[in-house]
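In this text, residue positions in the sequence shown follow the UniProt record's numbering: the first is 1, and each later residue adds one. Positions of the beta carbon are idealized from the N, C-alpha and C atoms, including for glycine. These numbers come from a predicted model, not from an experiment. Have a look at the structure below before the remarks.
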Amino acid sequence: MEQLIVLGTGNAQAIHCYNTCYAMKKGEEYFLVDAGGGNGILSQLDKASIPLEKIHHIFVTHAHNDHILGMVWMIRMIATSMNKGTYDGTLTIYCHEELVDTIKTLTKLTVGKKFYKHFDERILFHVVAHSDTVTILEDSFTFFDIGSTKEKQFGFTCLMDHGTKVSFPGDEPYRESLYEFVKGSDWLLHEAFCVYDERDIFKPYEKHHSTVKDACELAQTLHIPNLVLWHTEDKDMKHRQGKYLAEGKQYYDGKLYIPEDFDVLKF
């Protein structure tokens, strides 16, 4: 992978930015991670100049609405392109076993047969189990169960062909059980619901989320040189980046990124 294109940075209830999801670019192709909560994913991809015809790999982390509902629209629009003869090859959706039926059911309940007729023929489901390693766009992805107590959720570590290692432990705090996957990472993509000073307002711990302080202390302890924080509240977007950076730099001396929607990070 060469770039990370941020499509959304907000939590499930965000309305001033899109739900957290992103694409990783390799050459002219894209690997999409989650699709947000609705057809806003189509607008985000359009604004980021990512053509649907260049997305042949999508990973869905879990079944929460802010991650999975956009998949109905991705399937509908890619199937439309298939029907028109403008989409080459197959679309592969990577997810844990339970999600296959969830995605298929949501799609069949909400779109016509002319779209979902491609299931298992040109729209393929690749079931990933804990510690499975798969080559996607010539890079090595190892998927893992993050151990969520809310909803079964998977993350991944990507070892790129140029040696860079990126870890994404989903939208919950990193757990010690994931150390063998995450250790030695050059990049950590981690959630941060709010700054620590506003924990009494947003109550991240009640929602199984972390604060900027927590995530930065973690990255510092793990000696990870690049930390990306997202999946945040959206109450003060004008000052979010500055506020999060100010708190984070107190606990972390690596490169800290608080991206906005459509930011592009280079690996």
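- prompt: Sorted by chain position, which residues of the same chain lie with C-beta nearer than 6 Å to D234's C-beta, five sequence neighbours on each side aside?
  reply: G10, A14, H16, C17
field: Identified DSSP bridge partners for D229
entry: The sequence shown places Leu at residue 229, rather than the Asp named in the question. Beta-bridge pairing links L229 to H190.
Short Cβ contact (8 Å threshold) for E73 with I41: Position check: residue 73 holds Trp in this sequence, whereas Glu was assumed. Yes, the Cβ-Cβ distance between W73 and I41 is below 8 Å.
Own chain, CB closer than 7 Å to N77, minus 5 neighbours either side, in chain order: The sequence given here has Met at residue 77, not Asn. The answer, listed in chain order, is L42, L52.
task: Using beta-carbon positions only, say whether L91 and I136 come within less than 8 Å of one another.
output: no
- prompt: From this set, E138, G155, I103, which residue's C-alpha is nearest D145's C-alpha?
  reply: G155
message: Quick check on the burial criterion: 16 or more other C-beta atoms within 10 angstroms. Buried or exposed for P225?
response: By the beta-carbon neighbour count (other beta carbons within 10 angstroms, threshold 16), P225 is exposed.
- prompt: Using DSSP with H/G/I as helix, E/B as strand and the rest coil, what is K26?
  reply: Annotated three-state conformation of K26 is strand, per DSSP.
message: Which same chain residues end up closer than 7 Å to H118 when comparing Cβ atoms and leaving out the 5 residues on each side of it in sequence?
response: A79, M82
- request: Given a cut-off of 8 Å, decide if L222 and K183 are closer than it, judged by their beta-carbon atoms.
  value: yes
message: I need the boundaries of the beta strand (DSSP E) containing D132, first residue and last residue.
response: In this chain, D132 is not harboured by any beta strand (DSSP E), its DSSP state being neither H nor E.
- request: State the DSSP-derived secondary structure class of C17, mapped to helix, strand or coil.
  value: Note: C17 maps to coil in three-state DSSP.
- request: Would you kindly work out how many angstroms separate the C-alpha atoms of S177 and A192, rounded to a whole number?
  value: 19 Å
- request: Quick one: residues in its chain with C-beta nearer than 7 Å to the C-beta of residue 271, no 5 flanking neighbours on either side, listed in chain order?
  value: There is no way to answer for residue 271, as the model of the chain reaches only from 1 to 267.
Nearest-angstrom beta carbon gap, F125 and I75 [assumed within contact, 8 Å]: In fact, because the Cβ distance is near 11 Å, the residues do not count as touching under 8 Å.
task: Counting only the same chain and skipping the five closest in sequence on each side, list residues whose C-beta sits under 6 Å from that of S185.
output: K165, S167, I224
task: List the DSSP bridge partners of L32.
output: A23, I58
query: D139 and M160: beta carbons closer than 8 Å?
result: Pairing D139 with M160 gives a Cβ-Cβ distance under 8 Å.
task: Count the other C-beta atoms from every protein chain shown that fall within 10 angstroms of the C-beta of L109, then say buried if there are 16 or more, exposed otherwise.
output: exposed
task: Below 8 Å on the Cβ atoms is my guess for I5 versus I50; work out the distance and round it to an integer in Å.
output: 7 Å
message: Can you tell me which residues form a DSSP beta bridge with I5?
response: A23, V264
message: Tell me the DSSP secondary structure of L42 in three-state form.
response: helix
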